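First up is the structure itself, then whatever we jot down about it.
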Amino acid sequence: MAGKSLNRVQLIGNLGKDPEIKYTPQGTPVAKITIATNERFKDKGGEWQDRTEWHNVVLWQRMAEIAGEYLKKGGKVYIEGRLQTRSWDDKQTGQKKYMTEIVASDIILLGGRGEGGGGDFASSRGAAAGNNFDQRTPEHEPAPAGPITDEDIPF
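Throughout the sequence shown, residue numbering follows this note's numbering, covering 314 to 468 in sequence.
Structure, rendered in C-alpha cells:
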C-alpha cells in the first residue's frame, strides 16, 4: 500500500533566456523557460564560492502565454510546481534519453519595470499585487495531470 508522498518544487531565480513558446498539435500553448538559482558557500580553504544551478521549467496554457508576454531574460520569477521526468528515444543514436523538468502550477513575476519582472502588468490587467498567476484558480485550465510524453511537448 502506497503512503502519502509529496512532489513540490518552489524556486526564486532569474531567467537565463527569453521564454520559448510553442504549441501542441491540438493548439495548446507550452512555454519552456530556464531559471538560474545561486548558492554561495565557503570551500575547504575558507574562500567564498558561487555556484549556479539551472532548472528547466515547463508552463502550460495561460501561464505559457503570460510567460511569453511578460517574462524576459534576466527577470526574477517565483515558480511553484512538481518534478516530472520524461523519456524518449534519441533519433540519431537510438539510446533512451531522460529529462527531469519542473511542471509549473504557479508563477509570480518579481522585480519591477526594466527588470524583466512584468512591468505594469498588475495595473493594466487588474491582477493582484505581485503579479500572481495561480494555475489552480478556476480562471485557468489546469496543467495536464498525467505523465507528459515526448509527443505532448513540441520542443
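For every residue, glycine included, the Cβ atom is placed at its ideal position computed from N, Cα and C.
In this text, all values refer to a predicted model and were calculated from it rather than measured experimentally.
Beta bridge counterpart(s) of residue i as assigned by DSSP
i           : result
residue 319 : The partner list for residue 319 (beta bridge, DSSP) is empty, contrary to what the question assumes.
residue 346 : 370
residue 472 : The structure shown does not extend to residue 472, since the chain is modelled only from 314 through 468, so no value can be given for it.
residue 324 : 392
residue 472 : For the chain, the structure presents residues 314 to 468; residue 472 sits outside this window and is missing.
Buried or exposed (CB count within 10 angstroms, at least 16 for buried), residue i
i           : result
residue 400 : exposed
residue 442 : Per-residue confidence for residue 442 stands at a pLDDT of 34, beneath the threshold of 50, marking its modelled position as unreliable; the derived number appears in the next sentence. Its Cβ having fewer than 16 others within 10 Å, residue 442 is exposed.
residue 317 : exposed
residue 414 : buried
Residue from the options whose Cα sits closest to the Cα of residue i
i           : options               : result
residue 377 : 411, 396, 344 and 362 : 344
residue 419 : 371, 406 and 410      : 371
residue 347 : 398, 406 and 385      : 385
residue 417 : 329, 356 and 380      : 380
residue 369 : 315, 333, 406 and 424 : 333
residue 366 : 424, 329 and 402      : 329
Beta-carbon gap between residue i and residue j smaller than 8 angstroms
i           : j           : result
residue 327 : residue 388 : yes
residue 392 : residue 324 : yes
residue 322 : residue 375 : no
residue 398 : residue 383 : no
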